[in-house]
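Contents: one structure, followed by commentary.
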Amino acid sequence: MQPQTSSFRSRGPAAAPSAPLGDASLRPLPDIGSDPKVRALLTSVVEAELLRITGLTRPATVASVRMLLEQALVRCLATADSGTNLLSASALTALCREAMRVWLVSAHYPLQHTADLLDAVLVAAGHEPSLPARCPDLLTPLQKSLLGLLFIEGLPLEHAARFLGLPDEPLRQTLAEAMERVQGLGLRRGAKHPVASA
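Next comes the structure, spelled out in structure tokens:
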């Protein structure tokens, strides 16, 4: 589902010669969620992204992710150049994916059972889910989040590290430990991600 382009544009900096361009305190912050058209647009984008990643669009989850997206838009509107259309299809989708990743690593991947997460990894890599129904829950919350970002979201390790706020090398060790734990459960080390065989 492609979001429709909107004419809602960011406001330029307040007229103050000595104010730095990025001074968000001088810019009015719009109430994104109060505009019914914008709210409907954000909802449609969030539902499309949730369906793409999780296959489900539960109302409570849609509301949570939409709130994250609204907060991201307000932050961007406070610092964007005048005339930037942050509700264009490309800009809105990019912001939504960032909001989705915040939700994924805080409220989705860490709470998934190892079997469900690895099945999603296999599907994302183009394989059929093949884990046993009684697979033990072997992975830590960080390992689940890392595998989700790498193998489902498709982020390079360096990008995942920046997103999680952690150094590259400890995450490489986290990845190696996760791969060791799930060996023999159906996760294929060479599945479309260069980090898997690093």
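Be aware that the sequence shown starts at 1, since it is given in the UniProt record's numbering, and climbs by one per residue.
Glycine included, each C-beta is placed from N, C-alpha and C at the ideal position.
**Report entry** Glu47 beta carbon less than 7 Å from that of Val62
**Finding:** yes
Query raised in the report: Which residue's Cα is closest to the Cα of Gly165: Leu142, Ala176, Glu49?
Result: Leu142
Requested in this report: Look at Pro167 and Lys144 and say whether their C-beta atoms are less than 7 Å apart.
Outcome: no
Requested in this report: Determine the closest residue to Gly126 out of Phe151, Leu92, Ala78, with distance taken between C-alpha atoms.
Outcome: Phe151
Query raised in the report: Considering only residues of the same chain and omitting the five flanking positions on each side of Val123, which have a CB-CB separation below 7 Å?
Result: Pro129
Report task. Along the alpha helix (DSSP H) that carries Thr57, what are the first and last residues, could you check? Result -> Per DSSP, Thr57 belongs to no alpha helix (DSSP H) and is neither H nor E.
Report task. Kindly say whether Glu49, judged by its beta-carbon, lies nearer than 7 Å to any beta-carbon of chain D. Result -> Although the question refers to chain D, the structure presented lacks it and comprises just one protein chain.
**Report entry** Outcome for Gln183 when other beta-carbon atoms lying within 10 angstroms are tallied against a minimum of 16
**Finding:** exposed
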